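Residue numbers (the working numbering), protein chains in the order written: chain A, 313 to 620; chain B, 313 to 620.
The structure under discussion appears below in the form of C-alpha cells.
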C-alpha cells in the first residue's frame, strides 16, 4: 500500500502543537521569563517525532483515532521531556551550542539561569501532564513507570550494577566519552540510552494508553528500539555529510569533538546498511498487526531516508 | 502532653535515609559520576523536614505507623525533589553557592555539567519513586498531580493568568527580584512558592497516601501552608542573626544580595511574632485530630524555635 507519510506527519504535528499550546503556560502568565523560555524551545521547529510515534502507536492498538486527544497530550509530555533535555544539553557547561534547529538556543536568548529552570519546569510539566491524562489510573501509573525509567540515569542492565538504558545516563556517558576514541560498544550503548530510550518509550506509552496486551507492548518496544536506533544512525550520518544550513544546527560538530557516533566507528556505508537492517527488524516486530501497522512502518521508513 | 520531638526527628531521619539508600542508584553503578553526585547532595546532612512531615501526616491519618514503609519512600521522593532544587539553585548561573550544610556544593565537587544532570536525574527519580509506590493506583495519581503542581512554575492563582504557587515559580521570582527593594507582597509570594509549596504538599501527600478524606486533606493543607511559611520566616531570621559556622552555609548572603526575606521587610521582632501566629493557625487546623496531631504540632513548634 502506498502511504501518504507527509499527511501523517502534518496531522501529527498539528495534533501535538495544539496539545502543547493548551498545556504550556501562557507567555503572559507570570513569571513571564520562564514561560517564554519554555515556549521558545518547545516551538522552535521540532519534528515532533516522539509525539507522532506515540499517537500512531495508540491508533494502531485502538484500531481507530478515538484516543487522539489523550495520545496527543501524552505525546506533548514526551516532547516536553525531549525539549528539556535539549535545553540542558545546549548549556555552556554541557555542549555549549548557540544554535538549534536554526534558532538561537534557550540560554542565548533568556540567560543561563532561566534556561536551567525552564528545562526543569518542562520536565515537571511533562509529569504533571501524564498525571492529568483522562484515562484509567492504572494506565497512568504504567505510563509513569515506563517514562520515568526511560529518562533516568541507566546505561544498560547488562553492566555490573547497571540499570536499564535511560536518557540522562546516555548524556553522562556522552560527556565522559568526549575526547576519547569511541568504540563500537560505547557508541551503541550511548545511542540506546541517550536518544533510543525516549523514542522507544514513546511507542510503548502510546500502546499503554490504548490498553495494549503484554505481547503487543513487547512488539511495540522492539519496533521503537530498532527504529529509534536507525533514526539516530541516520542523524549521525547527516551530521557528517551535510552542512549547517541544511541541518539548521552546527554541522560536523560530532566529528570535531570526537563524539561517539556510528559512522565514526563503522564508516558511512556500513552505517546506512545497519540502519536499513534495523528498519527491517522493526517492521518484522509489527507483522501481527497487518495493515494497521502501515503508518508506523511508513514513519520508520521516512525517518531513515530523510535528508535533514 | 510532653512530646519527645528529638526521638520523632531521629526516627524520621532514619526511615528516610534507609529509603533513600534503597532508592538511589549505588555509587558503583555506571555511570559513576552522576550517581555519586546525586548521593553527595542527598546525603549532605539535610534535616529531612519534608519526609518527616509526610511520614507524620500519614501516621496521623492512619492512626498508626503501618504505612511507614511507603510513607518513607514517598518522603524520599520529596527529599530528592528538594535536593534537585538545591543543586540547581547553587549553580554559578543561579545563586553561585560553594557551601551548603557545611559541605562543598555539587558543582564544586563534580563540575557543572554533572551537577546539572544530577539535579535532573533526582527530579526524574522522584517521579519514578512515586510511580513505584505499593499503594492503589488512584492514590499514586492523586499524589502525582499534587506534587507536580507544587513544584511547577506557578506563583499564585490570584495574579492575572497566574497558576497555583510552585517551587520553580518561586525560584524565578527570587532571581528576578534580586537587587530590587523587596516588598511585603513579593516576599510572601516568593516564600509561598519557593519553599512553601513543597512543604505544604509533603503534608498533603502523606495524607493522600493514607487515604485521608477531602476535609482532612484541606486541614493538612492549611497546616502545611502555615507551618511552612513559619519555617521559612525563621530561616530568614537565622540567616540574618547567625554566622556561617552556626548555619553550615554562607550567612548574611540574603542581605548582601538584597534577597527578598521576611525580616528585611518586617524587621526581626515582627518576623518572630508572625511565625508564632502562623504556628497557632497551623495548630488550629489540626484540632479535629485531637491527640493524634501531637507529633505534627511538636514538629511545627520545633521548626520555629530552632537555632540553626
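Glycine included, each C-beta is placed from N, C-alpha and C at the ideal position.
These figures come from a predicted structure and were not determined experimentally.
Short CB-CB distance (under 8 Å) between residue i and chain D
i	result
residue 362 of chain A	In the structure shown, chain D does not exist; the protein chains are A and B.
Chain A within 8 Å of residue i, Cβ atoms only
i	result
residue 485 of chain B	yes
residue 353 of chain B	no
residue 343 of chain B	yes
residue 421 of chain B	no
residue 467 of chain B	yes
residue 330 of chain B	no
residue 474 of chain B	yes
residue 334 of chain B	no
Cutoff 8 Å; reference residue i; Cβ partners in own chain excluding five residues on either side
i	result
residue 394 of chain B	358, 362, 510
For residue j and residue i, the rounded distance between their alpha carbons
i	j	result
residue 454 of chain A	residue 453 of chain B	11 Å
residue 470 of chain B	residue 476 of chain B	8 Å
residue 503 of chain A	residue 577 of chain A	13 Å
residue 579 of chain A	residue 589 of chain A	16 Å
residue 544 of chain B	residue 369 of chain A	47 Å
residue 339 of chain A	residue 356 of chain A	15 Å
residue 472 of chain A	residue 458 of chain A	22 Å
residue 450 of chain A	residue 601 of chain B	32 Å
residue 424 of chain A	residue 318 of chain A	37 Å
residue 603 of chain B	residue 533 of chain B	19 Å
residue 493 of chain A	residue 583 of chain B	59 Å
residue 598 of chain B	residue 525 of chain B	14 Å
residue 415 of chain B	residue 341 of chain A	37 Å
residue 407 of chain B	residue 397 of chain B	12 Å
residue 527 of chain B	residue 516 of chain B	11 Å
CB contact flag (residue i, residue j, <8 Å)
i	j	result
residue 366 of chain B	residue 382 of chain B	no
residue 489 of chain B	residue 498 of chain B	yes
residue 591 of chain B	residue 616 of chain B	yes
residue 631 of chain B	residue 392 of chain B	Residue 631 of chain B cannot be examined here, being either before or after the span of chain B that is shown, 313 to 620.
residue 428 of chain A	residue 403 of chain B	yes
residue 596 of chain A	residue 546 of chain A	no
residue 431 of chain B	residue 399 of chain B	yes
residue 439 of chain A	residue 345 of chain A	no
residue 529 of chain A	residue 521 of chain A	no
residue 468 of chain A	residue 512 of chain A	no
residue 486 of chain A	residue 572 of chain A	yes
residue 443 of chain B	residue 460 of chain A	yes
residue 324 of chain B	residue 360 of chain B	yes
residue 456 of chain B	residue 437 of chain A	no
Test: residue i CB closer than 8 Å to a CB of chain B
i	result
residue 347 of chain A	yes
residue 477 of chain A	no
residue 470 of chain A	no
residue 607 of chain A	no
residue 433 of chain A	yes
residue 525 of chain A	no
Sequence-distant residues of the same chain with beta carbon closer than 7 Å to residue i, five excluded per side
i	result
residue 514 of chain B	362, 365, 366, 390, 536
residue 388 of chain A	328, 331, 332, 335, 363, 441
residue 374 of chain B	522
residue 446 of chain A	382
residue 417 of chain A	402, 409, 410, 411
residue 385 of chain A	331, 335, 441, 445
residue 351 of chain A	336, 339
residue 610 of chain A	315, 317, 320
residue 661 of chain A	No answer is possible for residue 661 of chain A: it lies beyond the span of chain A, which begins at 313 and ends at 620.
residue 575 of chain B	548, 549, 552, 583
residue 506 of chain A	479, 482, 483, 486
Same chain, Cβ closer than 6 Å to residue i, neighbours up to 5 away in sequence not counted
i	result
residue 466 of chain B	475, 476, 477, 478, 481
residue 419 of chain A	403, 427
residue 538 of chain A	590, 593, 594
residue 614 of chain A	317
residue 496 of chain B	577
**Prompt:** the stretch 436-449 of chain B: which residues have C-beta closer than 7 Å to a C-beta of chain A, in chain order?
**Reply:** 436, 437, 439, 440, 443, 444, 449
**Asked** In the stretch 403-418 of chain B, which residues sit with their C-beta less than 7 Å from some C-beta in chain A, listed in chain order?
**Response** 403, 405, 406
**Asked** Which residues, in order along the stretch 378-392 of chain B, keep a beta-carbon less than 7 Å from a beta-carbon of chain A?
**Response** none
**Prompt:** Which residues, in order along the stretch 575-597 of chain B, keep a beta-carbon less than 7 Å from a beta-carbon of chain A?
**Reply:** none
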